[in-house]
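Engineer: These protein sequences, in sequence, are chains A and B.
In terms of my numbering, the first sequence opens at residue 177 and continues consecutively.
In terms of my numbering, the second sequence opens at residue 11 and continues consecutively.
Here it is: the structure, laid out below.
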Amino acid sequence: MKRIGIYISCICFGLTGCESMIQEVPAPDEKPEMVVSSIIHMNWLGMSTEISMSKPVFGSVDYSDYEKVEDALVIISDGINSDTLFHNEDGRYEQSQRNVWFYGSSDFELLVTRPNGMQARATCKVPSWSSSFPKIDVSLDSNVTENFLFNKNYIVKASIHDMAGSNDYYKINGWLLLSDSSNVYVDFGQRYRVFDDKSRDGEVINLQGSSYYKDGVTVLSANISLYKLDRNLFLYYGALNTAVNNFGEEVPFLEPTIVPSNIENGLGVFGAQSFYYYSFEM
Amino acid sequence: MKPFILTSFLFFFAGITFGQSFTISGYVKEKGSGEHLPGVSVFVPEIKKGTVTNNYGFYSLTLPQGSYDLTFYFVGYETLVKKVELNQDIDLTITLGSQAQEIKGTVINAKKKEKVSEKVQMSSIDIPVKQIKDIPTLMGEKDVLKVIQLMPGVQSGGEGQSGLYVRGGGPDQNLIILDDAVVYNASHLFGFFSLFNGDALKSVELIKGGFPARYGGRLSSVIDMSMKDGNREKYTGELGVGVISSRGVFEGPIPKTKGKGSFIISGRRTYIDILTQPFILASTGGEETGGYFFYDLNAKANYDISDRDRIFLSGYFGRDKFYVRINEKDIDFKEKADIGWGNATGTLRWNHLINKKMFSNLSLVYSQFDLGLNSYTKDEDEEFTLNFGSSVKDVSLKYDIDFYPNTKHTIKMGAQSTYHRFNPNAFVIEGSELPVGIDLSNEVKAVESGIYIEDTYKPTDKWTINGGIRMSQFFQNGKWYIRPEPRFATSYKLKKNYALKASYAAMNQYIHLLSNTGIGLPTDLWVPTTDRVKPQNSQQVAVGIAKDFVGKGYALTLEGYYKTMNDIIGYKEGASFLATDQSTVGFGIADWQDNITAGQGISYGTELFLQKKYGALSGWMGYTLSWTTLQFDDVNNGEKFWAKYDRRHDISVVGIYKFSDHFKLSAVWVYGTGNAISVPRSTYTSSMISQAGGYELTNYGAKNDFRMRAYHRADIGLQFTKTTSRGNFRTWEISAYNAYNRKNPFYYFRDTENPDRISNSGDEKVVLKQVTLFPIIPSISYSLKFK
């Protein structure tokens, strides 16, 4: 009986390391899709739309540039009226007529059709803009840290007084006007700094950003742009922040960032935004 | 104070109802060690009444005056029948011998039986602790959690992982209790080995649904483990040497206590670091060294203060540690880095027999899990220190009463309160070049409590009901949550040895594990419910049948379940504790609450479990057919997606064949549908992406819409046992993990291949590749059991 164990052990050791521990497996078959980036800007009652094509990951490597779609028929509709967008010199599609006007709490549909029959569709419900933008308080702290360039760090604290009763999705930008007439950007931690009032409806939402300035220069004013977003755009921006620096593929167990899309048969986003500008003299 | 008022009421209840009856009560112990045995059936066949010993081996039966054959049976032990004349209250402590032992004089009927059809509790499995040592495992490390993964309804996270996913729940939804102490992170080496090696364990019970009211605080499962008390009669021990670790157990009576006390101590340590250190030093000229090790230490002592009182003191301490040391003297550079994590638990218990019908236990429990990362660098005159830590520390007080008023009712009631202290991310940086140090410690305190009462009621011989309610409560930073949790289970005997069962349980979970890997790493953070983060809650219904094939040793259960989980939390898309930025809510302090999203989960399925408990061939077969989906507002565009561990088919077959007392063959075969994962599909770009600072984005399709290949493997083990000339037992075990060398998926990645690498003229191609972690892994171990 002892021999059985010895034989099994030898076979086990023999088999170990016979073959590679990495092997190719079948990959998903993916076709190129239309990528639609379309935003309704409520402040100037217009929209900008950009369309390109995606490239499948697996298969032969394609080093060519991403195809920009210039031949699509792009139609915006509010359910009653519709406009056909034209392709301008900047590579974007814009409204030429004004059959469709953008109002708060309205639904819009975007339909994109290529001559080869590819079609993508998206809908967007523009949030109500009737309510005024929230009150914001801003304060500055300086001399918190000193970096190796001998600049100093301003901490910009913004308190947003969210208004109760609606689900609000926000994006914030900021900059400081300095005494030497230059502007410095306020870094709120992410390129698209988005936040919502879920579980904080009607409360004060505190945000903090930082901005470098040189010794001897004072801050004349702090300037904040607060955007209200529709939910599609909020989710898109939020995921975009981390997706562009995605470590998901380098670290095997880290979940990849999945950028959401509300485009049927395509990728990208169709959303709406509006902003309000605040300036605080310091 | 409430329990004492209730106790007084129950005294009164028992007194007026059963004045003409007498009570027989006592303990059931194991012959040879004096260990108290939980879960032993105590039954009177002629009147079809009975009870079961509690966790401390205590039983109490109140019967009308008369003469009875009292039958004690427990799987793996000889059945014992004792004749009693019940004309007064009787104290009867019984000693049961294992099947290998002979019990002269007292054994009348030696039928071996334990019936699943007689248990009211469904969705629960008593893990056969004695079989754990017989089941082949990775590198020969015997592991309770790996055995639990072989049960239907329980899935492993992946190759080699000891994480548990029970009926669609995450690894944080398992209440793992060791002697009343909650164990927060039950794994070593990033999940490849669990803390529990089985040497010091007396009993392990897995509950997947129909939770009795005495348990609360987690949504998906309870794994209730009790450590051995220690041999009261003699000193015994066991030493084992394996491929990666050695272990030892020593137990015996406490000296000078005249058989009233005993102790047990067990330990285990890996020695990979010790073996590899000389090679690292040699290859780096003595300037660098490093390694990894883990160890466990279990200890327990108990002492009978009086016939009615007994105290226990038990503890667990275990730690993992990675370390690196660099000392380059010629350039005056030093680096010292350690990553360590571990659990510590301590339990002080007092068993008190209030009267013959009422047993109480008071526990004072301490539990801690902590992770620490410490780094010190000295480069010439510059010094830099970085310390990161996270921890959760609990102190609990728990009081339980078991009340046996008559043969129709068994009442359990109690209360528990836990003081939690969470420190999700203590972060300290100090450096000679920094003007001031940065300290971001932010301890969060909370109190979690629960009171419960449950009654196992037998209206008829065929029908048993276990009903109860638990009131749970959580308090944190001025916010109170109080939630009722009704529990119900019933069993109806359709025929002899054939029962129909049903259960319902509502559960709440007030503490959460934040993980964006889903594989249960020590870096995952435990965080409490707050005013912004609600408690997770679940409701589960289950129906099933249980059938015993008496005489053949088989037991069959078939169960269907449907579970909903609400307010479960996860990271928002792309967020992690690594990505917490300083701009979020609460000036100056990163707030994890901004990075999470709440959602729902649904899991349903069917589980088949066929068990053979004794005989030359023993083991089980489990099959699970299940579906699990999750839905979060801010993940996957708010749409439903498959949970990573959604597993359509899961099969496990375990067989142990005992050829003789000297030779055993064991085998395991497992099969599981591949994990649901997200793989890259396409890439794209836009001006919005450019503005975000990127060139292109990767499209992964819908979340978890791609399946890894199916997982399956077989493990085989051979055990050779020999009795030495001194009467000790020595065992050699040879085993093979993944015996047919199946290349199971560990993770997938994309890779670029050039078919003609030398001339670089071929077309480059992107392919999907699978990494396999373990090929066939042979191992050998040796153990010596002395007595």
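Where is the CB? At the ideal position from N, CA and C, for every residue including glycine.
So which residues on chain A does residue 169/B lean against when the C-beta distance must stay under 7 Å?
Structural biologist: Neighbours of residue 169/B on chain A: none; closest Cβ ~11 Å, over 7 Å.
Engineer: Identify whether residue 125/B lies in helix, strand or coil by the three-state DSSP scheme.
Structural biologist: Residue 125/B: coil per DSSP, three-state reduction.
Engineer: Enumerate in chain order the residues of its own chain whose CB-to-CB distance from residue 225/B is below 6 Å, with the five nearest sequence positions on each side excluded.
Structural biologist: Correct list, in chain order: 232.
Engineer: Taking only beta-carbon positions, decide if residue 219/B is within less than 8 Å of chain A.
Structural biologist: It does not; no Cβ of chain A falls within 8 Å.
Engineer: Can you list the residues of chain B that residue 411/A reaches, using a CB-CB cut of under 7 Å?
Structural biologist: Chain B residues near residue 411/A: 644, 647.
Engineer: Residue 112/B to residue 129/B, Cα distance in whole Å?
Structural biologist: Legend: pLDDT at residue 112/B = 37, less than 50; position of this residue unreliable, value from coordinates given subsequently. If I take the Cα positions, the gap works out to 28 Å.
Engineer: Would you call the region 637–654 of chain B and the region 208–220 of chain B in contact, with 3 or more CB pairs under 8 Å?
Structural biologist: In short, these stretches do not touch, since the Cβ pair count stays below three.
Engineer: CA-CA distance, residue 434/B and residue 383/A?
Structural biologist: So the alpha carbons of these two residues sit roughly 20 Å apart.
Engineer: Of all the options 687/B, 677/B, 46/B, which has the alpha carbon lying nearest to the alpha carbon of residue 745/B?
Structural biologist: Minimum Cα distance to residue 745/B is reached at 677/B.
Engineer: Say whether chain A places a C-beta atom closer than 8 Å to the C-beta of residue 698/B.
Structural biologist: It does; some Cβ of chain A falls within 8 Å.
Engineer: Pull up the CB-CB distance for residue 413/A and residue 333/A, whole angstroms please, since I reckon it's below 8 Å.
Structural biologist: With a Cβ gap of about 22 Å, residue 413/A and residue 333/A do not count as contacting.
Engineer: Using three-state DSSP, classify residue 304/B as helix, strand or coil.
Structural biologist: Note: residue 304/B maps to strand in three-state DSSP.
Engineer: Using the three-state DSSP reduction, which class does residue 10/B fall into: helix, strand or coil?
Structural biologist: Any answer about residue 10/B is impossible in this case: the structure gives chain B only from 11 up to 797.
Engineer: Might you give, ordered along the chain, the residues of its own chain that have their beta carbon closer than 6 Å to the beta carbon of residue 251/A, omitting 5 neighbours on each side?
Structural biologist: Cβ within range, chain order: 258, 260, 287.
Engineer: Could you spell out where the alpha helix (DSSP H) holding residue 253/A opens and where it closes?
Structural biologist: Careful: residue 253/A lies outside any alpha helix (DSSP H), inside the beta strand (DSSP E) at 249–253.
Engineer: Within this structure, are the beta carbons of residue 312/A and residue 336/A separated by less than 8 Å?
Structural biologist: Yes, these two residues count as a Cβ contact at 8 Å.
Engineer: My understanding is that residue 309/B touches residue 271/B, with C-beta atoms under 8 Å, so please give their C-beta distance in whole angstroms.
Structural biologist: That belief does not hold up - the Cβ atoms of residue 309/B and residue 271/B are roughly 14 Å apart, past 8 Å.
Engineer: Quick one: what's got a C-beta closer than 7 Å to residue 413/B's C-beta in the same chain, skipping five residues either side?
Structural biologist: Closer than 7 Å at Cβ, skipping near neighbours: 20, 367, 368, 421.
Engineer: Could you tell me the alpha carbon to alpha carbon distance between residue 256/B and residue 144/B, rounded to whole angstroms?
Structural biologist: Distance between the alpha carbons of residue 256/B and residue 144/B is about 17 Å.
Engineer: By the three-class DSSP mapping on this structure, what secondary structure does residue 276/B have?
Structural biologist: Residue 276/B falls in the strand class under three-state DSSP.
Engineer: Answer yes or no: do residue 307/B and residue 299/B have a C-beta to C-beta separation smaller than 8 Å?
Structural biologist: Cβ atoms of residue 307/B and residue 299/B: not closer than 8 Å.
Engineer: At the 8 Å Cβ level, is residue 776/B part of the contact set with chain A, yes or no?
Structural biologist: Closer than 8 Å to some Cβ of chain A, the Cβ of residue 776/B qualifies, so yes.
Engineer: Do we get a CB-CB distance below 8 Å when we pair residue 780/B with the residues of chain A?
Structural biologist: With 8 Å as the cut-off, residue 780/B counts as an interface residue toward chain A.
Engineer: Please compile the residues from chain A whose C-beta is within a distance smaller than 8 Å of the C-beta of residue 719/B.
Structural biologist: In chain order: 201.
Engineer: Does residue 705/B pass the burial test, meaning 16 or more other C-beta atoms within 10 Å, or should it be called exposed?
Structural biologist: Exposed, since its Cβ has fewer than 16 Cβ neighbours within 10 Å.
Engineer: Using a Cβ cut-off of 8 Å (strictly closer), state whether residue 311/A contacts chain B.
Structural biologist: Output row for residue 311/A: interface = no.
Engineer: Given a limit of 7 Å on CB to CB distance, which residues of the region 223–243 of chain A reach chain B?
Structural biologist: Going along the region 223–243 of chain A in chain order, one finds 226, 228, 230, 231, 232, 233, 234, 235, 236, 237, 242 with a Cβ nearer than 7 Å to chain B.
Engineer: Quick one: residues in its chain with C-beta nearer than 8 Å to the C-beta of residue 98/B, no 5 flanking neighbours on either side, listed in chain order?
Structural biologist: Contacts found: 32.
Engineer: Span of the beta strand (DSSP E) holding residue 398/B?
Structural biologist: Element bounds for residue 398/B: 392–413.
Engineer: Any Cβ of chain B within less than 8 Å of the Cβ of residue 368/A?
Structural biologist: Closer than 8 Å to some Cβ of chain B, the Cβ of residue 368/A qualifies, so yes.
Engineer: Tell me the rounded alpha-carbon separation between residue 799/B and residue 504/B.
Structural biologist: The question about residue 799/B has no answer here: the residues shown for chain B are numbered 11 through 797.
Engineer: Please tell me whether residue 401/A has its Cβ less than 8 Å away from any Cβ of chain B.
Structural biologist: Cβ-Cβ to chain B under 8 Å: no for residue 401/A.
Engineer: Using the Cα positions of residue 691/B and residue 777/B, report the straight-line distance between them to the nearest angstrom.
Structural biologist: Looking at the two C-alpha atoms, the distance is approximately 11 Å.
Engineer: Answer with buried or exposed for residue 239/B, where buried requires no fewer than 16 other C-beta atoms within 10 angstroms of its C-beta.
Structural biologist: Residue 239/B is buried by the Cβ-count criterion.
Engineer: Beta carbon of residue 355/B, beta carbon of residue 191/B: below 8 Å?
Structural biologist: Contact: yes.
Engineer: Closer than 8 Å, CB to CB, is residue 443/A near chain B or not?
Structural biologist: For residue 443/A, the answer is yes, since a Cβ of chain B falls inside 8 Å of its Cβ.
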